[in-house]
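Enquirer: Using my numbering, the first residue of the sequence shown is number 7, and each one after it goes up by one.
Don't be surprised by glycine CBs; every beta carbon is placed ideally from N, CA and C.
Got a structure here, written out as structure tokens. Questions coming.
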Amino acid sequence: MRNLEILTEEDKEALDLPRTTVDEIGKQDKKKLYIESYGCQMNFSDSEIVTSILQENGYATTSLFDEADVILLNTCAIRDNAEQKVRNRLKNFTHLKKKRPSLVVGVLGCMAERLKTKFLEEEKIVDVVAGPDSYRDLPNLFEEVEEGNKAINVFLSKEETYADISPVRLNSNGVTAFVSIMRGCDNMCSFCVVPFTRGRERSRDVYSILKECQDLLDNGYKEVTLLGQNVDSYKWASADGTETVNFAQLLERVALINPLLRVRFSTSHPKDITDEVLYTIKKYENVCNYIHLPAQSGSSRILKLMNRTYDRDWYINRVDKIREVLGEECGISQDIIAGFCTETEEDHQETLSLIEYVRYDYGYMFAYSERPGTPAAKKLVDDISDEEKQRRLAEIIALQRKISQERNEMSVGTIQKVLIEGDSKRSADFLQGRNDQNKMVILPKGNHQKGDYVNVKITSCSSATLFGEVE
Ligand code: 5AD
Ligand code: SF4
């Protein structure tokens, strides 16, 4: 899953990520909810589920936290800096809480699940702690707080997928939407806190996914991104066992809803992505030619310590297959961790050479951050100095940026089909949208509207963006 909190403002703009506040929906005398999301796309998607649950229970939403009755932070625990960000943000609400003691402050998501009651002890301002599988319980938790108690629910479920809940789209451009297809993760990568904070992997009912996608199309949306920590292990079976659906089949069924509905997905796992998925991408024009394929490292020794269950050769083989089936133009992006336990200069050079080999379109790159309770924290020593991690990270980022620029230059002079998402952030005379490979494209406004597909001739580029004119 891409983690959003490490992106620069430029990255966020290029990717047009949803922002943290919500528009005002159905106010009157209702209690007002303000919700902010941190971390991965799944958290942003979960906030839409939380909003739906609370709207059903009589809450309205507000984009102004100082007029809210309930403030919720949907938190991320993937790296220490993500947690520090939330703790700092909580400080901003202290004066409000002093002024209005009835204000309820709740923390949701991965940090809530990781810290449990510790959150209540360490952050006095927090009234409610709710883990990712407990959102249906939020109205009860708020009631408990009204009775003068602190409230917590961090039970993880083996079944909860919120399949029946229609998410309330927050900060929506009305064109693109996230659709969660599974929850949790069973992979146990040694550095990762997610299996502990989001619990066991479970797949959502295929029919509820198809219905949500159809509803989005009926409401004018043109693109869905199917979300899961590891979409390739999606597996659903009907109650009587007569019907089973894997990820390639799900992708096909979503693609068949309507050729005008673009389909994206994230995140793919190198150990699980099948040739069937690649052929499905090839078969359907509306399934985008773009794969987010986290590598984490280019060194087989480090991959083993990370418990990624593939090695460098396996990863390269998957990339070769992507190129064979989908060609040079298929967009590929990475996640890479610099300075994992015991990483040597040689291992680091292998990561750089993997980036050179694959020629990723872009990437999300991080310094290793030890997370308490993970297998790596228990069994390995976080022995690379911060300074060294930062040096290696800077080299990885610089190389990726150079290759992103070169990959984007390949598009100059070509015609790209762009789905317009709205006005360019920089100028109202321009529109922005994305091409098949998920690249942001800026074009003059003309008579085009958001939601239109237009053919754009690319005239120039930066490492993050393509610029062009409508053909
Ligand atoms: N330290 C640094 N990066 C991490 N990621 C996950 N856990 C850690 C950690 N402990 C990165 C991985 C993952 C992405 C979502 O976050 O690259 O793919
Ligand atoms: Fe974490 Fe690995 Fe699961 Fe991704 S696949 S969420 S990195 S454990």
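Which residue spans inside the region 154-224 form an unbroken beta strand (DSSP E) run of at least 3?
Expert: Complete beta strand (DSSP E) runs here, min 3: 157-159 and 182-186.
Enquirer: How would you call Arg106, buried or exposed, if buried means at least 16 neighbouring beta carbons within 10 angstroms?
Expert: What you label residue 106 is simply residue 100 of the sequence shown in a count that begins at 1. Counting Cβ neighbours within 10 Å, Arg106 comes out exposed, since fewer than 16 surround it.
Enquirer: Under three-state DSSP, which class holds Gln422?
Expert: The residue labelled residue 422 in the question sits at position 416 within the sequence shown. Strand, per DSSP.
Enquirer: Pick out the complete beta strand (DSSP E) segments inside the region 84-121, 3 residues or longer, and give them in chain order.
Expert: 110-114
Enquirer: Would Asp281 be called buried (16 or more neighbouring beta carbons within 10 Å of its own) or exposed?
Expert: The sequence position of residue 281 within the sequence shown is 275, counting from 1. Exposed, by the Cβ-count rule.
Enquirer: Quick one: grab the DSSP three-state call for Phe271.
Expert: Here the question's residue 271 lines up with position 265 in the sequence shown. DSSP places Phe271 in strand when its eight states are reduced to three.
Enquirer: Which residue comes first and which comes last in the beta strand (DSSP E) that contains His454?
Expert: Taking the first residue of the sequence shown as position 1, residue 454 is located at position 448. Per DSSP, His454 belongs to no beta strand (DSSP E) and is neither H nor E.
Enquirer: Kindly list the residues whose CB is nearer than 7 Å to the CB of Ala118, restricted to its own chain and excluding five residues on each side of it in sequence; keep chain order.
Expert: Position 112 of the sequence shown, counted from the first residue, corresponds to residue 118. Closer than 7 Å at Cβ, skipping near neighbours: Thr81, Phe125, Val135, Ala136, Gly137 and Val160.
Enquirer: Taking the runs of the alpha helix (DSSP H) that are 4 residues or longer, which of them lie wholly in the region 368-444?
Expert: 381-385 and 392-415
Enquirer: Please give the ranges of any alpha helix (DSSP H) in the region 276-303, keeping only runs that are unbroken, at least 4 residues long and fully inside the region.
Expert: 281-289
Enquirer: With distances taken Cα to Cα, identify the nearest neighbour of Glu412 among Gln438, Gly226, Glu394 and Asp367.
Expert: The residue you call residue 412 lines up with position 406 of the sequence shown. Cα-wise, what sits closest to Glu412 is Asp367.
Enquirer: Please state whether DSSP places Met312 in a helix, a strand or coil.
Expert: Residue numbering aside, residue 312 sits at position 306 when the sequence shown is read from its first letter. In the structure shown, Met312 sits in coil (DSSP, three-state: anything other than H, G, I, E or B).
Enquirer: In three-state terms, what does DSSP make of Ile131?
Expert: Translated into positions along the sequence shown, residue 131 becomes position 125. Correct three-state label for Ile131: coil.
Enquirer: Given 7 Å as the limit, tell me if Gln302 has its C-beta closer than that to any heavy atom belonging to the ligand 5AD.
Expert: Residue 302 sits at position 296 when you count from the first residue of the sequence shown. If you check the C-beta of Gln302 against the ligand 5AD, you find a heavy atom less than 7 Å away.
Enquirer: Under the DSSP definition of a beta bridge, which residues are partnered with Cys467?
Expert: What you label residue 467 is simply residue 461 of the sequence shown in a count that begins at 1. DSSP, once it has assigned bridges, lists Leu472 as partnering Cys467.
Enquirer: CB of His454 to nearest heavy atom of the ligand SF4: below 7 Å?
Expert: Within the sequence shown, the letter at position 448 stands for residue 454. His454 Cβ: outside cutoff for every heavy atom of the ligand SF4.
Enquirer: Going by DSSP in three states, Asn1 sits in which element: helix, strand or coil?
Expert: For residue 1 there is no data in the structure shown, the boundaries of the chain being 7 and 477.
Enquirer: Since Ala4 and Leu399 should fall inside the 8 Å C-beta cutoff, what is the C-beta to C-beta distance between them, to a whole number of angstroms?
Expert: There is simply no residue 4 to check, as the chain begins at 7 and stops at 477 in what is shown.
Enquirer: Give every residue of the same chain whose Cβ lies closer than 6 Å to the Cβ of Glu166, excluding the five residues on either side of it in the sequence, and list them in chain order.
Expert: What you label residue 166 is simply residue 160 of the sequence shown in a count that begins at 1. Hits under 6 Å: Asp139.
Enquirer: Would DSSP call Glu330 helix, strand or coil?
Expert: Against the sequence shown, residue 330 aligns to sequence position 324. Reduced to three states, the DSSP call for Glu330 is helix.
Enquirer: Is it the case that the CB of Gln235 approaches a heavy atom of the ligand SF4 more closely than 7 Å?
Expert: Numbered from 1 along the sequence shown, position 229 holds the residue referred to as residue 235. Yes; taking the cut-off as 7 Å, the Cβ of Gln235 has a heavy atom of the ligand SF4 nearer than that.
Enquirer: Specify, as a first and last residue, the run of the beta strand (DSSP E) that Glu42 falls within.
Expert: Translated into the one-based positions of the sequence shown, residue 42 becomes position 36. That run of the beta strand (DSSP E) goes Lys37 to Ser43.
Enquirer: If the criterion is Cβ atoms closer than 8 Å, does the pair Leu309 and Arg318 meet it?
Expert: Sequence index remark: in the sequence shown, residue 309 carries index 303 (1-based). Sequence index remark: in the sequence shown, residue 318 carries index 312 (1-based). Going by C-beta atoms, Leu309 is nearer than 8 Å to Arg318.
Enquirer: Select from Asp388, Lys451 and Gln422 the residue whose C-alpha is nearest the C-alpha of Arg440.
Expert: Within the sequence shown, numbered from 1, the residue matching residue 440 stands at position 434. By alpha-carbon distance to Arg440, the top candidate from Asp388, Lys451 and Gln422 is Gln422.
Enquirer: Quick one, are the C-beta atoms of Leu5 and Ile361 less than 8 Å apart?
Expert: In the structure displayed, the chain extends from 7 to 477; residue 5 sits before or after that span and is not available.
Enquirer: With respect to the alpha helix (DSSP H) encompassing Val230, which residues constitute its N-terminal and C-terminal limits?
Expert: Residue mapping note: residue 230 aligns to position 224 of the sequence shown, counting from 1. Counting along the chain, Val230 falls outside any alpha helix (DSSP H), though it belongs to the beta strand (DSSP E) covering Glu229 to Leu233.
Enquirer: For the 8 Å Cβ check, are there 3 or more pairs between the region 324-343 and the region 282-301?
Expert: yes
Enquirer: Can we count Cys46 as close to the ligand 5AD, meaning its CB is less than 7 Å from some heavy atom?
Expert: Counting from 1 along the sequence shown, the entry for residue 46 is found at position 40. The answer is yes for Cys46.
Enquirer: May I ask you to verify whether the region 55-68 touches the region 91-102, counting CB pairs closer than 8 Å and requiring at least 3?
Expert: The region 55-68 makes no contact with the region 91-102: fewer than 3 CB pairs, one atom from each, lie closer than 8 Å.
Enquirer: Could you say which of Asn87, Ile84 and Asp143 lies nearest to Gly112 if we only look at CA atoms?
Expert: Mapped onto the sequence shown, residue 112 falls at position 106. That would be Asp143, whose Cα lies nearest to the Cα of Gly112.
Enquirer: If you reduce the DSSP assignment to three classes, tell me which class Leu266 lands in.
Expert: Here the question's residue 266 lines up with position 260 in the sequence shown. Coil at Leu266, not helix or strand.
Enquirer: Go to Thr57, then tell me how far its alpha helix (DSSP H) extends in each direction, as first and last residue.
Expert: Translated into the one-based positions of the sequence shown, residue 57 becomes position 51. Where Thr57 is concerned, the enclosing alpha helix (DSSP H) stretches over Gln47 to Glu62.
Enquirer: Once the 5 residues before and after Arg175 are set aside, which same chain residues still bring their CB inside 8 Å of it?
Expert: The count along the sequence shown starts at 1 and reaches residue 175 at position 169. For Arg175, where only same-chain residues beyond five positions count, the Cβ hits under 8 Å are Glu54 and Ala183.
Enquirer: Hey, is Pro450 close to the ligand SF4, as in C-beta under 7 Å from one of its heavy atoms?
Expert: Locating residue 450 in the sequence shown gives position 444, where the first residue counts as 1. Answer for Pro450: no, Cβ out of range of the ligand SF4.
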